[in-house]
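Following the working numbering from start to finish, the sequence shown increments by one per residue and tops out at 305. Worksheet for the structure shown next.
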Amino acid sequence: MSTTSLLIPLSLSLILASLPLFSSTTNIHSDACRSFCGNITVDYPFALQYGCGHPGYRDLLYCMNDVLMFHIRSGSYRVLDIDYAYEALTLHDPHMSTCSNIVLGGRGNGFDIEEWRLPYLNPTADNAFLLIGCSAQSPLFQGFPNKHLVCRNISGIGCEDYYDCPAWDLLGHRKPSRVYGSGPPECCAVPFESIKAINLTKLQCEGYSSAYSLAPLRINGPDEWAYGIRVKYSVQANEDFCRACQATGGTCGYGTDSVRQLCMCGSSNSTSTCDFVMSSLPRRMTSWTAIKATIAGSLMLML
Ligand SMILES: *[C@@H]1O[C@H](CO)[C@@H](O)[C@H](O)[C@H]1NC(C)=O
Ligand SMILES: *[C@@H]1O[C@H](CO)[C@@H](O)[C@H](O)[C@H]1NC(C)=O
Ligand SMILES: *[C@@H]1O[C@H](CO)[C@@H](O)[C@H](O)[C@H]1NC(C)=O
Ligand SMILES: *[C@@H]1O[C@H](CO)[C@@H](O)[C@H](O)[C@H]1NC(C)=O
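Here's what the structure looks like:
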């Protein structure tokens, strides 16, 4: 037998030997945690499985009959969109008023979030909450009319324009006057930042609407506003951990304490990146460069 005829089976077996490693490495890069709900992609920092994503967003999203739901202490909302580029979610509450319909009776969720989630989720600065039919005793009007009223326009969205909506005509006698009389206004627009919790019970309001503007779109009237709650999400400093994990083919998740972030590397978990997992195993067998060199070498021999 010649040397070459010996080398070919040898190099083939080398290639075969590297294959399991090869495929497990490709599987690692992965999307072990990515999922879909209806036509919405659920990806980091969100996840539908426990242990996946960022711990700040655990137990937050649920997929029910292809409808993605967002759950916080004030209630459940339908997720209309997750904008990963702008790090924002758009939510819908079926008991929220719009331009064509005003829902009274305090049935709306408003928006009130658990304290521990506040660093991770906040309605955007240009999202206006339009509080409707709040009592004169509401904390909103404490000190009114002497003190400065909290109600204002938010990024061009305010109650003066909202009063033009046909829904007010349907309410008949409730149609407000534009001039503040002796009592508080029938509608009061606030950004989330100024009161931190839109709790209709606490604020003694009968209903609410929420609208946001996606600058620099020029909007002509309240029938063209985007109705919904626009929530900004931010993982801030923790993002570096996930970026480094993903760069080494890992999937970002968290441990059973629901606090500590983990980098999931196929069959094992790491507290840093998947490189750490790889190099802690015998270098000769697992170094990626060595595998590539072996394959390249084998192919050269075969030709
Ligand atoms: C999902 O589908 C609905 C209609 O079924 C559409 O209005 C919406 O824009 C879609 N969302 C995304 C993120 O593609
Ligand atoms: C890695 O972490 C995930 C998420 O916490 C867990 O489901 C999985 O069992 C862990 N895997 C190992 C090998 O510990
Ligand atoms: C809203 O306020 C009421 C009255 O203060 C309180 O009982 C309720 O727990 C609050 N809701 C949430 C979601 O915090
Ligand atoms: C809000 O904007 C409208 C016009 O868009 C204006 O008439 C009104 O005075 C503004 N209200 C406040 C409180 O700034």
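We put the beta carbon where it would ideally sit given N, CA and C, even for glycine.
| Asked | Found |
| --- | --- |
| Distance cut-off 7 Å: Y256 Cβ against heavy atoms of ligand 2 | yes |
| For C198, the residue or residues it bridges with in DSSP | Reading off the sequence, residue 198 comes out as Lys, not Cys. In the DSSP output, where bridge partners are listed per residue, K198 has none listed. |
| Beta strand (DSSP E) segment containing F243, residue limits | Looking at the DSSP string, F243 is not in any beta strand (DSSP E); the run it does join, the alpha helix (DSSP H), is 241-249. |
| C-beta atoms of P187 and C161 nearer than 8 Å | yes |
| Rounded C-alpha distance that separates I30 from K234 | Low local confidence applies: a pLDDT of 41 at I30 is under 50, so the model's placement there is unreliable, and no value is given. |
| Distance cut-off 7 Å: D45 Cβ against heavy atoms of ligand 3 | no |
| The region 204-211 in contact with the region 84-104 per 3-pair CB rule at 8 Å | yes |
| Ligand 3 site residues, beta-carbon cut 5 Å against heavy atoms | R75, S76, D114, N201, T203, K204 |
| Rounded straight-line distance, which links the Cα of I104 to that of I42 | 28 Å |
| Ranges of the beta strand (DSSP E) found wholly within the region 32-97, counting only runs of at least 3 | 37-39, 42-44, 63-66, 69-74, 77-85, 90-94 |
| P168, enclosing alpha helix (DSSP H) - first and last residue | 168-172 |
| Beta-carbon gap between A191 and F113 smaller than 8 Å | no |
| Beta-carbon proximity list for L216, same chain, < 6 Å, skipping 5 on both sides | none |
| Cβ contact check for the region 39-53 and the region 76-90: 3 or more pairs under 8 Å | yes |
| Span separating the alpha-carbon of S157 from that of F48 | 28 Å |
| Whole-angstrom C-beta distance between G77 and N111, which should lie under 8 Å | 4 Å |
| heavy atom of ligand 2 below 7 Å from S269 C-beta | yes |
| C265 vs C254 beta-carbon contact at 8 Å | yes |
| Residues that DSSP places opposite G209 in a beta bridge | I134 |
| Rounded C-alpha distance that separates S269 from N67 | 31 Å |
| beta-carbon L50 near ligand 2 non-hydrogen atom, thresh 7 Å | no |
| Residue of Q139, N271, A90, T258 minimising C-alpha distance to C247 | N271 |
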